[in-house]
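Quick notes on the structure that follows.
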Amino acid sequence: MNTDNDKRVIIVGTGIAGYTVARELRKLEKQVPIVLISEDAGDFYSKPTLSNALAMNKTPQNLITFDAGAMRTQLNAGIIAHRKVERIAVDAHEVIVNGAPLRYGKLVLALGADARRVPLAGDAAADVLSVNSLDDYARFRARLDGAKSVALLGAGLIGCEFANDLALGGYDVTLIDPAATPLSRLLPELAGDAYARALDRQGIRLRLGQSVASVDRGASGYAVTLGNGDVIAADVVLSAIGLAPRVALAAQSGIDVDIGIRTDAWCRTSAADIYALGDCAAIEGKVQPYVLPIMHAARALARTLSGEPTRVEFPFMPITVKSPASPTVILPPGEAGEWRFAPASADPRDGLSALCEHAVDKRALGFALLGTATQGNAELIKAMTTGAF
Ligand SMILES: Cc1cc2nc3c(=O)[nH]c(=O)nc-3n(C[C@H](O)[C@H](O)[C@H](O)COP(=O)(O)OP(=O)(O)OC[C@H]3O[C@@H](n4cnc5c(N)ncnc54)[C@H](O)[C@@H]3O)c2cc1C
């Protein structure tokens, strides 16, 4: 006999991925029982706002748009907060929470990622913060109270955004990265140089080509020692060196993982009736830890869960770097190509556009737009989508 428990869709995770699947599924299926389980409080907030909340004058509490209670009502779903899913009994179709089994018909893993940590020497290495959740952000804001200076490890998207936000908030910011330019995984070097100059004009001190060796307690605050022996004094040290998809729960339960939880183009994992998306998932071999791909995957997955198997199709999805010092939009090329650069105006401070094209057939592969050149973003995407580029 089929019971409600056999139809139940359990979603583990209440980040953008988990909640968007729930919302999209509820639009399609009014009756299906949905239960979300989360280690955190289950409050809904937009994670990208964590790195520009100071400029928006927002506290951690007022970043929450709907608390778990409001989400429960909105979605007509069960929300089990502050509980960790410890194990998945794949054959029995059960998740184990607090030692107790809960049966699912379909299970969605939207587990997110952990902040990566570099192994650091020094008596204050454990004090280095990272921000990948609202709780992390609340801890970070508490430590900023009374602080004047911040050392930031990692000049990727999140590090650069925090550097901008902190500088605008009046903090003295030092941004440290082993690469020669900021946003080195996203921008070609010439554009990275232009971006670095914009950060510099904002008053952000850049220590590029340098890694951090140790963090120690100083006379006041911390002493951050670089690989070349230089020491930077800072009241707060924040690490933003990247994310590692959370794969342990899936791996322990016998589900295939590699750089993320492996799924096909329908978000199906190697286990029957188990799906994955968001920062924890490698959909067709690619982890795309950004909001736009998550929204596309969530919409397709909701259809699949409602009985209409739907392939995830990703359109061109540019990445926006929220850095007022240099607004930046990047469509990373999917393969190697040749970059062409053009200044946005006669004044180099206005930014530039960089277009990447295939060396032989001249197909457009991607772009990077800085400063006022970002205004061309929509037009470029349209041209690439229609093949008119
Ligand atoms: C500071 C910052 C700025 C960003 N800025 C941008 C931006 O400008 N643009 C952009 O596109 N992207 C940005 N991103 C990335 C984007 O925010 C993420 O890709 C997205 O929020 C990830 O959502 P998620 O639901 O996959 O993961 P998460 O939000 O991490 O959610 C994971 C959920 O899983 C739960 N969970 C995990 N394990 C378990 C378990 N075993 N049991 C129960 N619950 C569990 C957690 O409690 C949590 O609720 C930014 C990220 C950060 C950190």
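Just so we're aligned: the sequence shown equals residues 210 to 598 in our numbering.
Where a beta carbon is used, it is the ideal one built from N, C-alpha and C, also for glycine.
All values derive from a computational prediction rather than experimental measurement.
Scanning the region 485-517 from its first residue to its last, the whole beta strand (DSSP E) runs of 3-plus residues come out as 490-492. Inside the region 242-288, DSSP marks whole alpha helix (DSSP H) runs of 4 or more residues at positions 277-284, from first to last along the chain. In the three-state reduction of the DSSP assignment, ASP465 falls in the coil class.
Here the distance from the Cβ of LYS293 to the nearest heavy atom of ligand 1 is below 7 Å. PRO257 has its Cβ nearer than 7 Å to a heavy atom of ligand 1. In the three-state scheme derived from DSSP, where H, G and I count as helix and E and B as strand, CYS565 is classed as strand. Here the alpha carbons of LYS571 and ILE385 stand approximately 36 Å from one another. Within the model, the alpha-carbon separation for ARG312 versus ASP215 is close to 7 Å. Counting only residues of its own chain and dropping the five nearest sequence neighbours on each side, PRO387 has a CB closer than 6 Å to the CB of SER420.
Here the region 222-235 lies against the region 501-517, with 3 or more beta-carbon pairs under 8 Å apart. In the DSSP assignment, ALA372 falls outside any beta strand (DSSP E) and within the unbroken alpha helix (DSSP H) covering 366-377.
A check of alpha carbon separations from MET526 across ASN586, VAL218 and ARG410 identifies ASN586 as the nearest. Between the beta-carbon of VAL241 and that of VAL221 there is about 17 Å, and that puts the pair past the 8 Å contact cut. For GLU303, the beta-bridge partners assigned by DSSP are ALA298 and ARG312. Per DSSP, reduced to three states, the secondary structure at GLY575 is strand. Shown here, GLU547 sits in a strand according to DSSP, grouped into three states. Taking the Cβ of ILE590 as the reference point, every heavy atom of ligand 1 lies at 7 Å or farther away. Of the residues ARG350, SER339, PHE371 and ILE225, the one whose Cα lies closest to the Cα of LYS531 is PHE371. Counting of Cβ neighbours within 10 angstroms places ASN437 among the exposed residues, the total staying below 16. By the Cβ-count criterion, ILE483 is buried, with 16 or more other Cβ atoms from all chains shown falling within 10 Å of its own Cβ. Note that the C-beta distance between ALA319 and ALA457 is not below 8 Å.
DSSP places LEU237 in the uninterrupted alpha helix (DSSP H) bounded by 225-237. The alpha-carbon separation between GLY418 and ALA481 amounts to approximately 47 Å.
With a cutoff of 8 Å on beta-carbon distance, LEU415 and TYR404 are scored as not near each other. Taking a C-beta distance under 8 Å as the contact criterion, ALA250 and ALA279 do not qualify as a contact pair. GLY451 and PRO498 have their C-alpha atoms roughly 10 Å apart. In the same chain as ALA432, and ignoring 5 residues on each side of it, the C-beta atoms closer than 7 Å to its own belong to ASP425, VAL440 and ALA442, in chain order. PRO454 is positioned such that its CB atom lies closer than 8 Å to that of CYS489. The beta carbon of ARG520 sits closer than 7 Å to the beta carbons of ALA474, TRP475 and ALA509 from its chain, once the five residues preceding and following it are set aside; these are given in chain order. A heavy atom of ligand 1 is found nearer than 7 Å to the CB of ARG455.
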